[in-house]
Every structure is written in structure tokens, then in C-alpha cells.
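Student:
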Amino acid sequence: MADSKSKKKNDKELSYSELVAKRDALKKEYMDLRFKMVVAHVDNPMQKRTMRREIARLNTFIQQKEAAGENK
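Quick note: the sequence shown uses our numbering, first residue -10, plus one each step.
1. Taking the alpha-carbon positions, what's the residue 1 to residue 27 distance?
2. Assign residue 7 to buried or exposed, taking buried as 16 or more other Cβ atoms, counted over all protein chains shown, within 10 Å of its Cβ.
3. Use the C-beta contact count for residue 54: other C-beta atoms within 10 angstroms, 16 or more gives buried, fewer gives exposed.
4. In or out: residue 65 buried (at least 16 other Cβ within 10 Å) or exposed?
5. For the alpha helix (DSSP H) that residue 29 lies in, which residues bound it at each end?
6. Apply the 10 Å Cβ neighbour rule to residue 12 and answer buried if 16 or more other Cβ atoms are within range, or exposed otherwise.
See below:
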């Protein structure tokens, strides 16, 4: 539980461009995982939910930065 709190805190301190880059990388990884789940067996199917939630968390931070005008 402490790990997720520190992860949120670290993500919140990233710059706008770093957040967007991290989100895009996670989206690509998520798409690869989805494809892999269709084609073959995946060791940890819960990873899909975790990644989806992480992407949503990053989107929230990006929206907050945009609202504050830090997206330049």
C-alpha cells in the first residue's frame, strides 16, 4: 500500500511532457499485453487492470497540469 502512495506522489511531481511520454509508453505496453492475452497465455492477467488504472491516473495528472496551464 505504501508503494502505491509513493508511486502516485512520484508521478504527480513529473512535468507535463514526462507524464505524456509515460502515458504513451504505458498505452503501447497495454496494447501489447492485450494482444498477447488473445494470442497466448499471460502469467498475470491482473496486470491488465493495473495498467489500465495507471493510465487513468496519469490522465488525471495530465488534466490537472492542463487546467493549471503547465502544458507548455
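Glycine is no exception: its CB is placed at the ideal position from the N, C-alpha and C atoms.
Tutor: So, to answer that:
1. Within the sequence shown, residue 1 is the residue found at index 12, counting from 1. Within the sequence shown, residue 27 is the residue found at index 38, counting from 1. For residue 1 and residue 27, the distance between alpha carbons rounds to 33 angstroms.
2. Taking the sequence shown and counting its residues from 1, the one referred to as residue 7 is at position 18. Exposed: under 16 other Cβ atoms inside 10 Å.
3. Within the sequence shown, the letter at position 65 stands for residue 54. So residue 54 ends up on the buried side.
4. Examination of residue 65 is not possible in this model, given that the chain is present from -10 through 61 alone.
5. Locating residue 29 in the sequence shown gives position 40, where the first residue counts as 1. Residue 29 -> no alpha helix (DSSP H), and no H or E assigned at all.
6. One-based indexing of the sequence shown puts residue 12 at position 23. With 16 or more Cβ atoms within 10 Å of its Cβ, residue 12 is classed as buried.
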